[in-house]
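Visitor: All you need for the numbering used here is the position in the sequence shown, starting with 1, plus 21.
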Amino acid sequence: MTQIYAHRGSAGTHPENTMLSFQEALKSGADGIEMDVHLTKDGHLVIIHDETIDRTTTGKGIVREMTLKEIQTYDASHKFSADYGRTSIPSLEEFFSWMRDTTLLCNIELKNGGYRYPGMEEKLIGMIKSFGFEKRMILSSFNHYSLVHCYSLAPEIEIAPLYSNGLYMPWVYAKALRAAAIHPSIKTINDEIVLESMNAGVAVRPYTVNTDGQIRKLFALNCSAIITDFPERAVKLRNTYKQ
Ligand code: G3P
Ligand code: CA
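1) Under 7 Å between the Cβ atoms of Ser245 and Ala224?
2) Starting from Ala158, follow the beta strand (DSSP E) in both directions and report where the run begins and ends.
3) Taking DSSP as the reference, what is the three-state secondary structure of Thr78?
4) Following the continuous beta strand (DSSP E) through Leu126, name the residue where it begins and the one where it ends.
5) Following the continuous beta strand (DSSP E) through Pro182, name the residue where it begins and the one where it ends.
6) Go ahead and pull the three-state DSSP assignment for Pro227.
7) Do you know whose CA, among Gly234, Glu217, Met22, lies nearest Ala51's CA?
8) Whole alpha helix (DSSP H) runs in the region 88-125 with 4 or more residues, listed along the chain?
9) Once you ignore the five residues that flank Gln235 on each side, which residues in its own chain have a CB closer than 7 Å to its CB?
10) From Phe117, Asp63, Gly106, pick the residue whose C-alpha is nearest to that of Thr88; which is it?
11) Do Asp57 and ligand 2 come close, with the Cβ less than 6 Å from some heavy atom?
12) Can you tell me whether Tyr26 is helix, strand or coil according to DSSP?
13) Grab me the residues of Val230's own chain with a C-beta within less than 7 Å of its C-beta, minus the 5 sequence neighbours each way, in chain order.
14) With a Cβ-Cβ cutoff of 7 Å, do Asn128 and Glu55 count as a contact?
15) Spell out a yes or no on whether the region 184-199 and the region 142-158 are touching, meaning 3 or more CB-CB pairs, one atom from each, closer than 8 Å.
16) Would you mind giving the Cβ-Cβ distance between Leu41 and Tyr105, rounded to the nearest angstrom? I have them listed as a contact below 8 Å.
17) In the DSSP assignment, find the unbroken beta strand (DSSP E) run with Val84 in it and report its ends.
18) Less than 8 Å between the CB atoms is what I'm expecting for Ile159 and Glu179, so what's the real figure, rounded?
19) Taking the alpha carbon of Glu130 as the reference point, which residue from Arg121, Ile25, Thr124, Glu142 has its own alpha carbon closest?
20) So does Glu130 have its beta carbon nearer than 6 Å to some heavy atom of ligand 2?
21) How should Pro227 be labelled, buried or exposed, when 16 other C-beta atoms within 10 angstroms of its C-beta is the threshold for buried?
22) Please classify Asn17 as buried or exposed, where buried requires at least 16 neighbouring CB atoms within 10 angstroms.
23) Are Ser112 and His65 close, meaning C-beta to C-beta below 7 Å?
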């Protein structure tokens, strides 16, 4: 059965990368949640997509130049503020404390493709281990050097390279990284890539799979998982789909 990962939570209907969005993803019946992390000036892992808080909050500033306390003074409900009220950028610790009481899987994307955040991998893996989440976690990044570093620190935690342009025989590349999966942009894949990868034992979790047509097609292929902004709709489709 194709698993459903809620992209930045239920980001199609709720403020991305917030507890509101994650709670909604759980309610929708998603199997897992995808999220993005950065590090603050005072060393906290925080859940936000961009390097700055400008697009998704009422504030302005660069995450790595702000403390957690400062960051959390701003409202992160973004374009959904009229619907759901105020919410703040969550720390990863806050999310993990909540996740502990669920059976959700989690895909953390390290947003270290631009700024490198020295020590980010160690901090993240330390926190995953302290919560005992090793088997519920997938670490992904567009920075594949970072993923190899994660693997060297904790081979028991799955890594999955993200990519957005055509990659030749991605299942071969994944194995070179010791990754158990690939996370390609939906734009880069076709049936052959999905099936060849899965036949080679490499899971495929494309992003961001939002139209009913795309979702149905990947369900029909029995693709390992999809990453979608609309987990509620995807779960409904999966419930009606005979696999
Ligand atoms: O993990 C898949 C996807 O989230 C990667 O792109 O920009 O939405 O973080 P982006
Ligand atoms: Ca992401």
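Every residue gets a Cβ at the ideal spot worked out from N, C-alpha and C, and that includes glycine. Keep in mind that this is a model prediction, so the values were computed, not measured.
Guide: Considering the structure as presented:
1) What you label residue 245 is simply residue 224 of the sequence shown in a count that begins at 1. What you label residue 224 is simply residue 203 of the sequence shown in a count that begins at 1. Yes, the pair counts as a contact, with Cβ atoms nearer than the cut-off.
2) For the purposes of this step, residue 158 is taken as the residue at position 137 of the sequence shown. The question names Ala, but residue 158 is Met in the sequence shown. Counting along the chain, the beta strand (DSSP E) containing Met158 begins and ends at 158-162.
3) On the sequence shown, position 57 is the one that residue 78 refers to. Here Thr78 sits in coil by DSSP.
4) On the sequence shown, position 105 is the one that residue 126 refers to. Element bounds for Leu126: 126-131.
5) Counting from 1 along the sequence shown, the entry for residue 182 is found at position 161. Segment 179-184, the beta strand (DSSP E) holding Pro182.
6) The residue given as residue 227 occupies position 206 in the sequence shown. Here Pro227 sits in coil by DSSP.
7) Within the sequence shown, the letter at position 30 stands for residue 51. When only C-alpha atoms are compared, the closest one is Met22.
8) 89-92, 102-105, 113-120
9) Sequence index remark: in the sequence shown, residue 235 carries index 214 (1-based). Counting only Cβ-Cβ distances below 7 Å, and skipping sequence neighbours, we find Ile207.
10) The residue you call residue 88 lines up with position 67 of the sequence shown. Comparing Cα positions, the closest option is Asp63.
11) Here the question's residue 57 lines up with position 36 in the sequence shown. Checking every heavy atom of ligand 2 against the Cβ of Asp57, one is found closer than 6 Å.
12) Position 5 of the sequence shown, counted from the first residue, corresponds to residue 26. If DSSP states are grouped into helix, strand and coil, Tyr26 belongs with the strands.
13) Here residue 230 refers to the residue found at position 209 of the sequence shown. The answer, listed in chain order, is Ile207, Ile236, Leu239, Ile247, Ile248, Thr249.
14) Here residue 128 refers to the residue found at position 107 of the sequence shown. Here residue 55 refers to the residue found at position 34 of the sequence shown. Yes. Within cutoff.
15) no
16) For the purposes of this step, residue 41 is taken as the residue at position 20 of the sequence shown. For the purposes of this step, residue 105 is taken as the residue at position 84 of the sequence shown. At roughly 5 Å, the Cβ-Cβ gap stays under 8 Å, so Leu41 and Tyr105 are in contact.
17) Along the sequence shown, read from residue 1 onward, the residue named residue 84 stands at position 63. Neither: Val84 is in no beta strand (DSSP E) and is coded neither H nor E.
18) Here residue 159 refers to the residue found at position 138 of the sequence shown. Here residue 179 refers to the residue found at position 158 of the sequence shown. Their Cβ separation, rounded to whole angstroms, is 5 Å, which keeps Ile159 and Glu179 in contact under 8 Å.
19) Counting from one through the sequence shown, the residue named residue 130 turns up at place 109. Comparing Cα-Cα distances from Glu130 to each of Arg121, Ile25, Thr124, Glu142, the minimum goes to Glu142.
20) Locating residue 130 in the sequence shown gives position 109, where the first residue counts as 1. Checking every heavy atom of ligand 2 against the Cβ of Glu130, one is found closer than 6 Å.
21) Looking up residue 227 in the sequence shown gives position 206. Pro227 is buried by the Cβ-count criterion.
22) This structure cannot settle anything about residue 17, because the visible part of the chain is limited to 22 through 264.
23) Counted from its first residue, the sequence shown places residue 112 at position 91. Counted from its first residue, the sequence shown places residue 65 at position 44. For Ser112 and His65, yes; Cβs fall inside 7 Å.
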